[in-house]
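Written below as structure tokens is the structure these notes are about.
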Amino acid sequence: MFKGMPKIFWIGMCVMYGWCFFFMFLEMTIPGFPLKPLFGVPACYIYNWIFGLWIINIIVSFLYFYMEEKREAAQENK
Amino acid sequence: MGVNPIVIIGSLIYFAILFWIGWSSRKASTDASEFYVAGRKVGPFVNGSALAATYFSPASFLGLPAFIFILGYPFWWALVGIIGGMPIATLLTAAPLRKYAPTSFTDYYADRYETKWMRLIAGIPTIIGGFAYVILSIVGTALFMLAILKVNFTVSVILAAIVVFAYIFYGGMVATTFSTAFQGITMTVAAVVAAGYVIANYGGLNGLTDAVLANSPNFFNLPYVNETPSHKLMSMWTGVVGFFFTWHFGFSALPYTVVRFFTTQDIKAARRSVFWAVIVGGAMYGGLIIIGTGARVLIETMHPLMQTEGVTSAIGLLKHMKTAFGVAGASVTDYSMIAAVEALKSPFLLAILAAGGLAIAMATAAGWTMVLNVLLGRDLLGKVFGSQWPEEKPIQCTRVMTVVVVFVSMLLAFKPPALVLDISGAAFIVILCSCGPPLVLGIWWTGATKAAAATNILVMTFLSCFSWMYANTVHKSAHFFFLDKSIVTPHQFYWVFVGFIFFILLSLVTPKCSDETIQKYSLDLRPDA
Numbered sequence: 044m045f046k047g048m049p050k051i052f053w054i055g056m057c058v059m060y061g062w063c064f065f066f067m068f069l070e071m072t073i074p075g076f077p078l079k080p081l082f083g084v085p086a087c088y089i090y091n092w093i094f095g096l097w098i099i100n101i102i103v104s105f106l107y108f109y110m111e112e113k114r115e116a117a118q119e120n121k
Numbered sequence: 003m004g005v006n007p008i009v010i011i012g013s014l015i016y017f018a019i020l021f022w023i024g025w026s027s028r029k030a031s032t033d034a035s036e037f038y039v040a041g042r043k044v045g046p047f048v049n050g051s052a053l054a055a056t057y058f059s060p061a062s063f064l065g066l067p068a069f070i071f072i073l074g075y076p077f078w079w080a081l082v083g084i085i086g087g088m089p090i091a092t093l094l095t096a097a098p099l100r101k102y103a104p105t106s107f108t109d110y111y112a113d114r115y116e117t118k119w120m121r122l123i124a125g126i127p128t129i130i131g132g133f134a135y136v137i138l139s140i141v142g143t144a145l146f147m148l149a150i151l152k153v154n155f156t157v158s159v160i161l162a163a164i165v166v167f168a169y170i171f172y173g174g175m176v177a178t179t180f181s182t183a184f185q186g187i188t189m190t191v192a193a194v195v196a197a198g199y200v201i202a203n204y205g206g207l208n209g210l211t212d213a214v215l216a217n218s219p220n221f222f223n224l225p226y227v228n229e230t231p232s233h234k235l236m237s238m239w240t241g242v243v244g245f246f247f248t249w250h251f252g253f254s255a256l257p258y259t260v261v262r263f264f265t266t267q268d269i270k271a272a273r274r275s276v277f278w279a280v281i282v283g284g285a286m287y288g289g290l291i292i293i294g295t296g297a298r299v300l301i302e303t304m305h306p307l308m309q310t311e312g313v314t315s316a317i318g319l320l321k322h323m324k325t326a327f328g329v330a331g332a333s334v335t336d337y338s339m340i341a342a343v344e345a346l347k348s349p350f351l352l353a354i355l356a357a358g359g360l361a362i363a364m365a366t367a368a369g370w371t372m373v374l375n376v377l378l379g380r381d382l383l384g385k386v387f388g389s390q391w392p393e394e395k396p397i398q399c400t401r402v403m404t405v406v407v408v409f410v411s412m413l414l415a416f417k418p419p420a421l422v423l424d425i426s427g428a429a430f431i432v433i434l435c436s437c438g439p440p441l442v443l444g445i446w447w448t449g450a451t452k453a454a455a456a457t458n459i460l461v462m463t464f465l466s467c468f469s470w471m472y473a474n475t476v477h478k479s480a481h482f483f484f485l486d487k488s489i490v491t492p493h494q495f496y497w498v499f500v501g502f503i504f505f506i507l508l509s510l511v512t513p514k515c516s517d518e519t520i521q522k523y524s525l526d527l528r529p530d531a
């Protein structure tokens, strides 16, 4: 099952799920965690709104196409 | 609150640009290939933007802020889950399916599982989900018509159906791909600009947070660490995680996004289009989070209708709207997002928002109607029942199907069965748990079998529909576990995971497909092949 799936797929999944569930866990164990100040604003805007929603996913989707293109180019050169 | 000419002009400009795009690309949609898959010549940015506009529906634009308005901060994770599910599609389904290059969603099921009847079987949940989506798109368009023209909801629904019908009637996938890409940009700009207004109104994120807390002290509460959760549905971890997963896998396996992978120039463009869709969609969702977060405080402190006698809260104001404009069913809560922006009293902002809202509603209606058109016409009438009509006259066939789909959906939109986001969640779960495993594992597992695919689709369609309707009827909410009201399980999301396990177990005890089929439709579609 999933034979031939590029390794970067699993790395990206670990990054995305790891980020989300780590912060969900912190929120449900540390009282008031989303509102703790971080860089001058409530922390949830940083780890959820900016990174969880957007930056992490942009990085992961970039890696998914970039690494595949790189692998294909290397294969063609061979 | 009356009709504002600036809002009407803004909407007319939007329609003018849309008409121009449709007119200038009309010559392209003359043969079957052009009409169904845009001749496979759409670049990554255009396709990415179109993907975002199609995937994100009024359920996103109206429904997500409405749910943040109702459920509070923990629902932010649902939006993270939706965007987080998009990159997964890049390697899981987008690239393999573009390599396979079919015309329709059901082609893969028929080829991989070696029977034309799989088109009919996979078509059942697709038709259920498809109609649900066209209905909610018409409801969404109607709510924006109401915001622009301030006319009765019934009139708005008829106007919305006419607009959606005309839009799809005069263009196939070519017209809808380019105009949908424009719509993707429009809706993102609308959400980001509106969010900017909200943040500026409170002098920054800290000001917004303070205002929200002053108005709703429990808004940022989470289960287990606060005495009172932000909402009953967010009193257990399953509520937060369940909403995260409800829409999470949709981008990889829902027909209306999967077909957009078929329209790209090549596999490289298919992969890159997901990247652009994440950028466009993520920006829009960032805006929607802010609008939803500020909705209650904006409505209760600034909306002009709060001066109306007897209106004391945001819910009271929405109830007033329901009576004043005859909004049917639960849909008036979906108006909360528009009401929040109305509270900012900027006609320019409302004009941009109306254009963005119309864009997202029409793009989704077009995407799903095309899926249903191709399914009902080409796939079922043509491939399953042998009619030549869909192949010989694809445009005529598609237009007849469009009439049927839009008319039936319009009738059901007069009294929507639930909030747009609830309709969307139900549609997602039904399709994901039934059609998802045979699609994903069909590509990535040689052991996937025909018997397992057919059984999984039929059984999971029944179980997910039954449990959702049972919980919605008996427990008065589809978000409680249908067998036990004390457990929160949004939209019975667990069926997606159960579906995969069920499919694997069935495949292990049923005969495999032929080696030739496995080679062609599984092994050859993988990256190294």
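These protein sequences, in sequence, are chains A and B.
Per the working numbering, the first sequence starts with residue 44, numbered consecutively.
Per the working numbering, the second sequence starts with residue 3, numbered consecutively.
In this text, a Cβ means the ideal position worked out from N, Cα and C, and glycines have one as well.
Given the structure is predicted, the values throughout are model-derived calculations rather than measurements.
Short CB-CB distance (under 7 Å) between residue i and chain B
| i | result |
| --- | --- |
| A/Leu78 | yes |
| A/Glu26 | No statement about residue 26 of chain A is possible, as the shown extent of chain A runs from 44 to 121 and does not include it. |
| A/Gly61 | no |
| A/Ile101 | yes |
| A/Asn120 | no |
Endpoints, beta strand (DSSP E) assigned at residue i
| i | result |
| --- | --- |
| B/Lys487 | Asp486 to Val490 |
Segment limits, alpha helix (DSSP H) that includes residue i
| i | result |
| --- | --- |
| B/Gln398 | Pro396 to Ala415 |
| A/Cys63 | Lys50 to Thr72 |
| B/Ile130 | Trp119 to Leu151 |
| B/Trp497 | Trp497 to Leu510 |
| B/Leu161 | Phe155 to Phe171 |
| B/His250 | Per DSSP, B/His250 belongs to no alpha helix (DSSP H) and is neither H nor E. |
| B/Gln521 | Asp517 to Tyr523 |
| B/Asn217 | Leu207 to Asn217 |
| B/Ala456 | Lys452 to Val476 |
| A/Lys113 | Ile99 to Asn120 |
| B/Ala257 | It is Pro, not Ala, that sits at residue 257 of chain B in the sequence shown. From DSSP, the alpha helix (DSSP H) with B/Pro257 extends over Pro257 to Phe264. |
| B/Pro67 | Leu66 to Leu73 |
| B/Thr371 | Pro349 to Val376 |
Within chain A, the residues that residue i reaches when beta carbons sit closer than 7 Å
| i | result |
| --- | --- |
| B/Val242 | Met67 |
| B/Pro219 | Under the 7 Å cutoff, chain A gives no residues; its nearest Cβ is about 11 Å from B/Pro219. |
Status (buried if at least 16 other CB within 10 Å, exposed otherwise) for residue i
| i | result |
| --- | --- |
| A/Gly83 | exposed |
| B/Ser237 | buried |
| B/Ser13 | buried |
| A/Asn120 | exposed |
| B/Thr325 | exposed |
| B/Pro46 | buried |
| B/Val511 | exposed |
| B/Gly283 | buried |
| B/Ile340 | buried |
| B/Thr303 | exposed |
| B/Val476 | exposed |
| B/Glu229 | exposed |
Minimum Cβ-Cβ distance from residue i to chain A less than 7 Å
| i | result |
| --- | --- |
| B/Tyr287 | yes |
| B/Phe505 | no |
| B/Arg528 | yes |
| B/Val195 | no |
| B/Pro89 | yes |
| B/Val282 | no |
| B/Phe222 | yes |
| B/Trp78 | yes |
| B/Arg262 | no |
| B/Arg401 | no |
| B/Pro225 | yes |
Three-state class that DSSP yields for residue i in the structure shown
| i | result |
| --- | --- |
| A/Val84 | strand |
| B/Thr533 | In the structure as shown, chain B starts at 3 and stops at 531, and residue 533 of chain B therefore has no counterpart that could be examined. |
| B/Thr182 | helix |
| B/Thr303 | helix |
| B/Thr448 | coil |
| B/Phe58 | coil |
| B/Thr310 | coil |
| A/Phe76 | helix |
| B/Phe17 | helix |
Proximal residues of chain B, C-beta to C-beta of residue i below 8 Å
| i | result |
| --- | --- |
| A/Ile54 | Within 8 Å Cβ-Cβ: nothing; A/Ile54 doesn't reach chain B, min ~11 Å. |
| A/Phe45 | Trp446 and Trp447 |
Interface partners of residue i on chain B, CB under 7 Å
| i | result |
| --- | --- |
| A/Phe105 | Phe277 |
Contacts of residue i in chain A (Cβ-Cβ under 8 Å)
| i | result |
| --- | --- |
| B/Leu207 | Val84, Pro85 and Tyr88 |
| B/Tyr75 | Pro77 and Cys87 |
| B/Ile85 | Leu96, Trp97 and Asn100 |
Proximal residues of chain A, C-beta to C-beta of residue i below 9 Å
| i | result |
| --- | --- |
| B/Lys270 | Phe108, Glu111, Glu112 and Glu115 |
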